[in-house]
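Take a look at the structure set out below.
Numbering (my numbering), first residue to last: 1 to 157.
Right, dumping it as structure tokens:
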């Protein structure tokens, strides 16, 4: 896969946001870009710090973008995220009418943009964004791998 330079840049911005997550949050970052490529919303996971099970990076970024444009409809916008969205986030992407979804690492355990499910391209729904997955996948996966490796108990040997 040869991702477009704009997609590489967008996921790079999402990686930058992910790196700002507090140490107890899974480092996932998301940015929403308008049709001109300007960031209008950004967020990292806030589930722990906000005590909110819905505070995934994508939801935080979508809420910020909605406030920025004064609408729940994000037609013409691209959401870039470091990890394939879950079913909740995929549903929010569809409902927000996001035009494009670009993501880094695949999530075979909970992904809903092609791995486990494909909510964002389900023909039964009234909106289907363009999807580009696997952008800067190694960098995105490495950030998550390092976080979870640090959480695992150390061998005593």
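Just so it is clear, CB atoms sit at the ideal spot from N, CA and C, and this is done for glycine as well.
Query                                                                                                                                                                         : Result
For residue 138, count neighbouring C-beta atoms within 10 Å of its own C-beta (all shown protein chains included) and say buried if the count is 16 or more, exposed if not. : exposed
In the structure shown, what three-state DSSP assignment does residue 100 receive?                                                                                            : strand
Please determine, among 52, 122, 49 and 93, the residue with the shortest C-alpha to C-alpha distance to residue 30.                                                          : 93
Should residue 125 be labelled buried (16 or more other beta-carbon atoms within 10 Å of its own) or exposed?                                                                 : exposed
For residue 140 versus residue 105, is the C-beta spacing smaller than 8 Å?                                                                                                   : yes
How would you label residue 82, buried or exposed, when you count the other beta carbons within 10 angstroms and need 16 or more for buried?                                  : buried
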